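Here's the structure, in structure tokens; my notes come after.
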Amino acid sequence: MADGRASCHSAGGTGLPADSSRLRVALVGTPNVGKSALFNRLTGRYVTVSNYPGTSVEISRGAGTLGGEQVEVIDTPGMYSLTGSSEEQRMVRRFLFNGGADVLVQVADAKNLSRMLSLTLQLVELGRPTVLAVNMMDEAVRHGIELDVTRLSTQLGIAVVPIVAVEGSGIEDLKRAIIRGARERAPLPPVYGNGVGTAMRGVGAQLAGQYPIGTTALAALLIQADEEAIAAVRRTEADGGEQVLMTARRLTETFDAPVAYKIALERQQAADDLARGSVSQSRPFGADWGTRLGHALARPSTGIPALLVVLYLGLYKFVGQLGGGTMVDWLERVLFGRHINPFFERLFLGIPWEPVRSLFVGEYGLLTLGVRYAVAVILPIVGAFFLFFSLLEDSGYFPRLALLVDRTFKRLGLSGRAVIPIVLGLACDTMATMVTRTLETKRERVLATFLLALAIPCSAQLGVIMALMAQQPLALSVWLGVVIATFVVIGALGARVLPGEGPVFHMELPPLRRPRLSNVVTKTVARMQWYFLEVLPLFLLASVFIWLGHLTGVFELLSRALGPLVRSLGLPPETATVFLFGFFRRDYGAAGLFDLQRQGVLDVVQVTVAAVTLTLFIPCVAQFLMMLKERGVRTAVAMFVLITPIAFGAGFLLNLVLRSVR
Amino acid sequence: MSQATARIMICGFCAREFEEDRAQTACGSCLLNGGCRWARCPHCGYENPESPRWMDRLATWVDRHAR
Amino acid sequence: MPAETLPLTDLALGERACVTELSGFYDAPAAHLVAVGVLPGTELTLLQRYPAFVFRVGNTEFAVDEGLARRIRVGKRR
Ligand SMILES: Nc1nc2c(ncn2[C@@H]2O[C@H](COP(=O)(O)OP(=O)(O)O)[C@@H](O)[C@H]2O)c(=O)[nH]1
Ligand SMILES: [Zn+2]
Chain W
1 MADGRASCHS AGGTGLPADS SRLRVALVGT PNVGKSALFN RLTGRYVTVS
51 NYPGTSVEIS RGAGTLGGEQ VEVIDTPGMY SLTGSSEEQR MVRRFLFNGG
101 ADVLVQVADA KNLSRMLSLT LQLVELGRPT VLAVNMMDEA VRHGIELDVT
151 RLSTQLGIAV VPIVAVEGSG IEDLKRAIIR GARERAPLPP VYGNGVGTAM
201 RGVGAQLAGQ YPIGTTALAA LLIQADEEAI AAVRRTEADG GEQVLMTARR
251 LTETFDAPVA YKIALERQQA ADDLARGSVS QSRPFGADWG TRLGHALARP
301 STGIPALLVV LYLGLYKFVG QLGGGTMVDW LERVLFGRHI NPFFERLFLG
351 IPWEPVRSLF VGEYGLLTLG VRYAVAVILP IVGAFFLFFS LLEDSGYFPR
401 LALLVDRTFK RLGLSGRAVI PIVLGLACDT MATMVTRTLE TKRERVLATF
451 LLALAIPCSA QLGVIMALMA QQPLALSVWL GVVIATFVVI GALGARVLPG
501 EGPVFHMELP PLRRPRLSNV VTKTVARMQW YFLEVLPLFL LASVFIWLGH
551 LTGVFELLSR ALGPLVRSLG LPPETATVFL FGFFRRDYGA AGLFDLQRQG
601 VLDVVQVTVA AVTLTLFIPC VAQFLMMLKE RGVRTAVAMF VLITPIAFGA
651 GFLLNLVLRS VR
Chain B
663 MSQATARIMI CGFCAREFEE DRAQTACGSC LLNGGCRWAR CPHCGYENPE
713 SPRWMDRLAT WVDRHAR
Chain Y
730 MPAETLPLTD LALGERACVT ELSGFYDAPA AHLVAVGVLP GTELTLLQRY
780 PAFVFRVGNT EFAVDEGLAR RIRVGKRR
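Written out as structure tokens, the structure is:
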């Protein structure tokens with residue numbers, strides 16, 4: 001206790017490797033302001049990432065050179081305020097409190113300066129050399145924002161340097177300001193006006209010891225009854241700090257609202273005043289088309305019709321009719337029908353052994369079925385779907401969708417945020433099942449996994465179904481209605497059965513943007529490549545299994561076993577094969593259905609019933625494996641056991657209803 | 663002009679940017695074959711497709727020969 | 730301190746107000762807001778109330794559900 005000085009809780013005491021000979025520069029700032037970009041600029045990005053002792057919060061350290069001097073640059077997790085109870089905030093508080101850095105560099109977003117300045121004031125209160133790096137100046141200029149650097153710098157009492165971290169402009173000025181800041185005296189604490197300010201000064205004046213942070217900041221923390229601050233005062237003050245702690249406690253009690261608000265309010269007021277004085281915006285935000293269209297898309301009255309039009313044009317017209325109709329037609333009839341298949345058949349004609357020939361070119365041949373499905377049916381449909389998907393994605397539409405569905409999703413025990421896995425499920429359910437990990441509660445994860453397995457068709461399935469019914473809008477509406485109804489009804493039941501708290505929804509809405517052609521093309525090609533590399537081997541594998549099944553007679557046996565089930569849905573016996581295909585891969589099954597319909601085996605009712613059943617039916621093997629992995633054996637098997645009767649039950653009922661209506 | 667060393671991606675969902683190598687790639691835990699390349703956004707969890715290397719090379723080539 | 734404070738849900742569309750309090754400043758849902766920078770003292774404009782509450786802070790827009798919106802208390806400008 002006798003040596004209770006700053007040194008006893010210096011950086012060394014935190015367990016961090018501290019190289020005392022080097023200047024330590026800490027980057028502080030709110031999330032997403034370009035801290036990492038600046039960090040990379042300053043360090044050349046050979047960094048070590050370490051967890052701060054006792055936490056899982058990552059901080060990166062790197063070596064840099066400023067004005068010929070070797071320095072250590074430390075990146076801290078992003079945050080808006082130093083007061084707060086999140087792990088990050090506690091960590092950064094401890095780090096600063098223990099004198100972990102010699103110079104603080106706050107990185108701020110020039111477009112949102114008034115929201116950033118309250119943190120600046122907190123840093124200045126700490127009484128350490130501080131530099132404000134106003135980043136993203138390029139974007140600010142584009143938004144018509146002007147900044148009076150000199151004025152802001154004078155008012156804050158610290159250096160203010162405008163930079164563009166990604167381009168590297170302003171970095172040299174910033175480096176000079178950091179070196180200068182390290183030599184100069186620490187800034188004077190800001191003066192707050194009303195009761196809180198007086199209280200802070202009053203407490204500050206009673207502090208006699210030496211602290212690694214300024215007395216204003218310490219006083220603010222004491223009034224907020226911060227434990228670390230109280231402990232430091234007990235250690236440092238000669239009388240154990242009784243007097244000053246009592247004053248602080250009394251002040252804590254005199255304020256009616258929690259004192260944290262009072263202080264935060266006061267700081268923000270000061271920040272607003274600062275921003276008003278030195279930031280001007282010539283064009284008001286919210287007047288550009290992106291913002292206005294964004295608002296229209298987020299309102300149900302305009303957003304829902306717009307969504308329907310987009311889905312109609314994108315899915316029905318583009319994916320279904322153009323991709324699944326015109327393009328598949330050409331590929332199947334011309335490319336495969338006239339050239340590729342005859343070529344392969346001639347090629348294998350010389351092979352005398354029939355089973356081997358049929359492995360490659362038979363009814364279920366690797367080349368004539370597997371490759372044909374993959375290239376002529378799935379590829380154009382999936383390609384069209386991914387183009388549509390990437391276009392929506394690149395325009396920034398998805399967060400609006402999250403907002404629109406939030407209320408409905410709440411009924412299903414999910415928040416609007418769950419559209420992330422659901423939308424990804426429309427691309428690939430297997431991947432989406434893995435993404436359910438990002439949902440906050442276990443309940444949400446289970447419900448989302450279940451709904452993905454039950455009612456979300458993957459891209460190929462969706463595309464094939466659009467193509468199947470492209471000529472029958474009525475059948476398509478029935479399919480859509482049944483699938484959506486199942487999603488909502490079963491989801492709502494699921495939310496009832498699984499107890500737990502409802503999720504909370506909050507989301508930042510980035511402005512809508514004009515999709516960039518190069519982005520859209522790149523993302524589409526990337527998705528198609530991924531899909532194709534994944535799908536082709538599995539399709540070939542499925543062909544081999546089916547061939548084996550035929551050879552051994554197992555396949556006929558299974559088909560016959562499925563016969564009664566298929567008949568009870570009013571479907572012809574050939575569809576049993578489709579369901580068997582479907583279990584290998586949903587899309588393989590859908591492609592099989594597509595084939596049957598083109599042969600004219602199925603009527604409208606049968607197509608609709610089969611499409612509904614196949615959509616609701618169990619996911620492909622890959623997705624089931626992912627469910628096992630992510631949710632565990634018991635949950636996954638339970639889902640399997642639930643989904644099978646729901647799928648076939650829905651098909652059965654639908655058949656009855658449609659037959660009686662006709 | 664000094665080049666940024668990391669590839670920056672803009673998340674397709676939340677529109678925030680992140681460095682490709684800061685993303686948790688899904689492939690590690692993926693059951694499918696290793697052909698996929700996805701970058702999970704550290705801010706929201708959305709899986710973004712990484713652009714295939716051959717496309718990058720193609721783009722560079724086109725850039726070089728376009729003038 | 731503004732004289733009267735009310736929950737965000739009672740604000741009229743297009744109205745500007747100042748955040749005075751996040752009930753449960755320290756527990757999880759409010760911490761989400763603090764994490765994105767909606768702090769006491771922040772000025773916001775309400776843009777939409779259904780199906781979720783949308784407000785603008787500075788140049789950024791946020792959407793929150795009704796439960797969370799109720800916990801944001803605001804004071805009209807002095
Ligand atoms: N236009 C522009 N974008 C920037 C600038 N600085 C950073 N960014 C972008 O903003 C993104 C978020 O920055 P990051 O460094 O990840 O932020 P952090 O969350 O603070 O570490 C980066 O990935 C950059 O691409 C800048 O000066 N101008
Ligand atoms: Zn994201």
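Taken in sequence, the protein lines are chains W, B and Y.
Position one of the first sequence corresponds to residue 1 (the working numbering), numbered consecutively onward.
Position one of the second sequence corresponds to residue 663 (the working numbering), numbered consecutively onward.
Position one of the third sequence corresponds to residue 730 (the working numbering), numbered consecutively onward.
Beta carbons: idealized from backbone N, C-alpha and C, even for Gly.
In this text the structure is predicted, and so the values were computed from the model without any measurement.
For W:H506: DSSP bridge partner residues: Y:V793
Distance, W:S543 Cα to W:T552 Cα: 14 Å
Proximal residues of chain W, C-beta to C-beta of B:P711 below 7 Å: K523, A526, R527, W530
Assigned secondary structure, W:A133 (DSSP; H/G/I helix, E/B strand, else coil): strand
For W:K442 and W:A636, the rounded distance between their alpha carbons: 14 Å
W:Y316: CB within 7 Å of a non-hydrogen atom of ligand 2: no
Candidates W:G651, W:L347, W:W530, W:A108: closest to W:L571 by CA position: W:G651
Interface flag, W:H550 vs chain Y, CB-CB below 8 Å: no
Cβ neighbours of W:R180 in the same chain (closer than 8 Å, five flanking residues each side left out): A159
Any chain B beta carbon closer than 8 Å to W:I420: yes
6 Å Cβ shell around B:T722 - same chain, five flanking residues per side excluded: none
Beta carbon proximity, W:F360 to chain Y, threshold 8 Å: no
Below-8 Å beta-carbon distance, Y:P736 vs any chain W residue: no
Chain W within 8 Å of B:R678, Cβ atoms only: yes
Partners in chain B for W:N135, counting only beta-carbon separations shorter than 7 Å: Simply none; closest approach about 12 Å.
CA nearest to the CA of W:S568, picked from W:E440, W:Y211, W:A610: W:A610
W:S56 at chain B interface by Cβ criterion, 8 Å: Since pLDDT at W:S56 reaches only 47, below the 50 mark, its modelled position is unreliable, and the value read off the structure follows with that caveat. Taking Cβ atoms only, chain B never reaches closer than 8 Å to W:S56, which makes this a no.
Span separating the alpha-carbon of W:P573 from that of W:L331: 28 Å
Exposure label - W:D226; buried when at least 16 CB within 10 Å: buried
Residues, ordered as in the chain, of the region 503-519 of chain W that lie near chain A by beta-carbon distance below 7 Å: Looking at the structure shown, chain A is missing, and the protein chains on hand are W, B and Y.
Beta-carbon proximity check, W:V382 vs W:Y531, cutoff 8 Å: yes
heavy atom of ligand 2 below 7 Å from W:H506 C-beta: no
Those residues, in chain order, that have a beta-carbon closer than 5 Å to some heavy atom of ligand 2: B:C673, B:F675, B:C676, B:C703, B:H705, B:C706, B:Y708
Any chain W beta carbon closer than 8 Å to Y:E744: no
Contact with chain Y by W:A576, beta-carbon distance below 8 Å: no
Interface partners of W:K111 on chain Y, CB under 9 Å: G787, N788, T789
Whole alpha helix (DSSP H) elements within the region 244-308 of chain W, 4-residue minimum: 259-278, 289-298
Run of the beta strand (DSSP E) containing Y:G804, from where it starts to where it stops: 801-805
For Y:Y755, the three-state DSSP class (helix, strand or coil): Residue placement at Y:Y755 is flagged as unreliable, the pLDDT there being 49, under the threshold of 50; a coordinate-derived value is accordingly withheld.
DSSP state of W:A208 mapped onto helix, strand, coil: coil
For B:W700: DSSP bridge partner residues: B:P711
Where W:G350 falls: helix, strand or coil (DSSP): coil
Where W:P473 falls: helix, strand or coil (DSSP): helix
Interface partners of W:M639 on chain B, CB under 9 Å: Within 9 Å Cβ-Cβ: nothing; W:M639 doesn't reach chain B, min ~17 Å.
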